[in-house]
Amino acid sequence: MKLGEFIAQNGTSLSKQPGQHLFRQGDQDSSLYFVKTGLLKAYYLSADGKENIKSFILPDDYIGSLMASHAGKSCTFSLVCLKQCDLTVLPFNTLYQAVRTDPDISAAVVDFLLGFAMKKEVREYELLCLSAQDRYKRLLENTPDILKLVTQNEIARYLGVTPVGLSRIKKRLTT
Numbered sequence: 087m088k089l090g091e092f093i094a095q096n097g098t099s100l101s102k103q104p105g106q107h108l109f110r111q112g113d114q115d116s117s118l119y120f121v122k123t124g125l126l127k128a129y130y131l132s133a134d135g136k137e138n139i140k141s142f143i144l145p146d147d148y149i150g151s152l153m154a155s156h157a158g159k160s161c162t163f164s165l166v167c168l169k170q171c172d173l174t175v176l177p178f179n180t181l182y183q184a185v186r187t188d189p190d191i192s193a194a195v196v197d198f199l200l201g202f203a204m205k206k207e208v209r210e211y212e213l214l215c216l217s218a219q220d221r222y223k224r225l226l227e228n229t230p231d232i233l234k235l236v237t238q239n240e241i242a243r244y245l246g247v248t249p250v251g252l253s254r255i256k257k258r259l260t261t
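Position 136 of the sequence shown, counted from 1, bears residue number 222 in the numbering used here, the numbering being contiguous throughout.
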């Protein structure tokens, strides 16, 4: 069985409005979310309440807190809808059991996890080794449509700069 078919057969549909959370940092949530339509934001809150954006989740993406779903810990980040979202929700254990018995699903999950790990590796590299200006250029190259979907403040928090810093970067790039 294909992974998409498995998710469709074993998951449940869920619709959320902009501003609604699927889960918050510190919650227990053992579900995986498959985005059919919409836009979500995954973010961390520091002890002083500062928001740091981990990622934006677009249609055909998957997300869940592995710390919560697999390790039984609390979610380490929050997940909120920025646009109207239609999702398929799948309990992590349902997928985990299928991976153990279905080689096709197992192979698809391995491929997904490899892609996910590579995406995280790139994000770490960008945050640790590139300047904010270079991170912004990469965002423009790799996901230009995101600029039409989220606020400038969210772009700044994703890049790890202040809104004023982002304005300066944009000005330098246009002059």
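Cβ atoms here follow ideal geometry from the backbone N, Cα and C, with glycine treated the same way.
In this text, all values refer to a predicted model and were calculated from it rather than measured experimentally.
Environment of residue 127 [buried if 16+ CB atoms lie within 10 Å]: By the neighbour-count rule (16 or more Cβ atoms within 10 Å), residue 127 is buried.
Three-state secondary structure (DSSP) of residue 189: Judged by DSSP in its simplified three-state form, residue 189 adopts helix.
Rounded straight-line distance, which links the Cα of residue 252 to that of residue 238: So the alpha carbons of these two residues sit roughly 8 Å apart.
Meets three-Cβ-pair contact criterion under 8 Å: the stretch 208-228 and the stretch 240-250: Yes, the stretch 208-228 touches the stretch 240-250.
The stretch 111-125 contacting the stretch 144-157, beta-carbon criterion three pairs below 8 Å: Cβ pair count under 8 Å is three or more, so yes.
8 Å Cβ shell around residue 170 - same chain, five flanking residues per side excluded: 101, 102, 103, 104, 123 and 124.
Residue 210 to residue 198 span [Cα, whole Å]: If you take the alpha carbons of residue 210 and residue 198, they lie about 18 Å apart.
Neighbourhood of residue 212 by C-beta, 8 Å cutoff - its chain only, sequence neighbours within 5 removed: Cβ neighbours of residue 212 within its own chain (closer than 8 Å, five residues either side excluded): 220, 221 and 224.
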